[in-house]
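For what it's worth, UniProt numbering labels the leading residue of the sequence shown as 1, then goes sequentially.
Virtual Cβ for every residue (Gly too), placed ideally from N, Cα, C.
Everything on this sheet refers to the single structure shown next.
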Amino acid sequence: MALTDRQKNFVNEYMKDMNASAAYLRAGYQCTEEAARRAGSRLLSNVDIQDEIGRRTDKMQEESGMSVQWVLEKYKKIIERNEDVDPAVAKGALDSVAKHYGMFKDKVEVTGAGGGALQVIFSSNMKKVEP
């Protein structure tokens, strides 16, 4: 389905800074900032708008020559050049590459009081489960 003029304006504005709330307001919609936040999010869930943003993003990447492969190659050069000279820079680049590949997932350990096991309390309102 074709985008409306306002939806096209929204996409044009969104591509400037990837801020849905601001894009919604700049596209000519009149509302509060809170309403713009909700409405901008809603517009981003529209499949036609997602397709248009994806098409434009692909075009920008193609025109700039900055593919994922290009970025990863640049990170590799940064890492190689800075391993001994500036380890913090090398580590930052390594962290970015690792994040891209999903190598290190954030893990959260949940424990009870004093680091012990969690205490599970069942409500007396629960129905008994028969095997």
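Classify residue i as helix, strand or coil using the three-state DSSP reduction.
i: F10; result: helix
i: S45; result: coil
i: G115; result: helix
i: P85; result: Note that residue 85 is Val in the sequence shown here, rather than Pro. Note: V85 maps to coil in three-state DSSP.
i: Q30; result: coil
i: E109; result: coil
i: A2; result: coil
i: S67; result: coil
i: M18; result: coil
i: M60; result: helix
Determine, using beta carbons only, whether residue i and residue j come nearer to each other than 8 Å.
i: L118; j: D48; result: no
i: L43; j: A22; result: no
i: N82; j: V89; result: yes
i: S41; j: Y75; result: no
How would you label residue i, buried or exposed, when you count the other beta carbons within 10 angstroms and need 16 or more for buried?
i: A36; result: buried
i: E52; result: buried
i: V108; result: exposed
i: E13; result: buried
i: A93; result: buried
i: Y24; result: buried
i: V11; result: buried
Return the Cβ separation of residue i and residue j in integer angstroms, given the expectation that the two are a contact with Cβ distance under 8 Å.
i: A39; j: R6; result: That pair is no contact at about 11 Å.
i: residue 133; j: R56; result: This structure cannot speak to residue 133, because the chain is shown only from 1 to 131.
i: A98; j: F104; result: 6 Å
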